[in-house]
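So this note's numbering is basically just the index in the sequence shown, starting at one, shifted up by 212.
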Amino acid sequence: MWGMHPETYWLAHRPPASRYLTAGLLTNFGGGRTGTATVGEKWAVRGAWPVFRRELAGHPPGLVVDDARGAPYRLARTPTLRAWLREGYARAGEVDGAVLYTRRAE
């Protein structure tokens, strides 16, 4: 799940692939913010992206839901996540504005 809806894991009865349940610590995005100039991968909490990558490598999800819908933390501002998706996932469709990616067979 990429976005700001951690309750999706609970609703889907699925464990998250990483400790980062929202895009917040990985992009410096927070609810109620008016400015977006300091939102994106380069403003993440120091060391968060290497941890995120290791956790995804250890527990790669079968399905990734990109729920950014044009938000400041969208894939265009997260090149590491964008590259990771491109390498191992295929776009499977869209549901209500959220883009679904399924893991490619190895």
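Even glycine gets a Cβ: it sits at the ideal position worked out from N, Cα and C. These numbers were taken from a predicted model, which means no experiment stands behind them.
Short of 7 angstroms in beta carbon distance, which residues of its chain neighbour residue i, apart from the five on each side in sequence? Order them along the chain.
{"i": "residue 279", "result": "213, 214, 215, 217, 310"}
{"i": "residue 251", "result": "239, 240, 241, 284, 285, 289"}
When burial is assigned at 16 or more other CB atoms within 10 Å of the CB, is residue i buried or exposed?
{"i": "residue 305", "result": "exposed"}
Using the C-alpha atoms, what's the distance from residue j back to residue i?
{"i": "residue 219", "j": "residue 255", "result": "24 angstroms"}
{"i": "residue 183", "j": "residue 268", "result": "In the structure as shown, the chain starts at 213 and stops at 318, and residue 183 therefore has no counterpart that could be examined."}
{"i": "residue 296", "j": "residue 316", "result": "12 angstroms"}
If you follow the alpha helix (DSSP H) that residue i is in, where does it begin and where does it stop?
{"i": "residue 299", "result": "291-300"}
{"i": "residue 239", "result": "236-239"}
{"i": "residue 265", "result": "260-270"}
{"i": "residue 223", "result": "219-224"}
Can you tell me where the beta strand (DSSP E) with residue i in it begins and where it stops?
{"i": "residue 315", "result": "310-315"}
{"i": "residue 275", "result": "275-278"}
Taking 6 angstroms as the limit between beta carbons, can you name the residues of its chain near residue i, skipping five residues before and five after?
{"i": "residue 221", "result": "228"}
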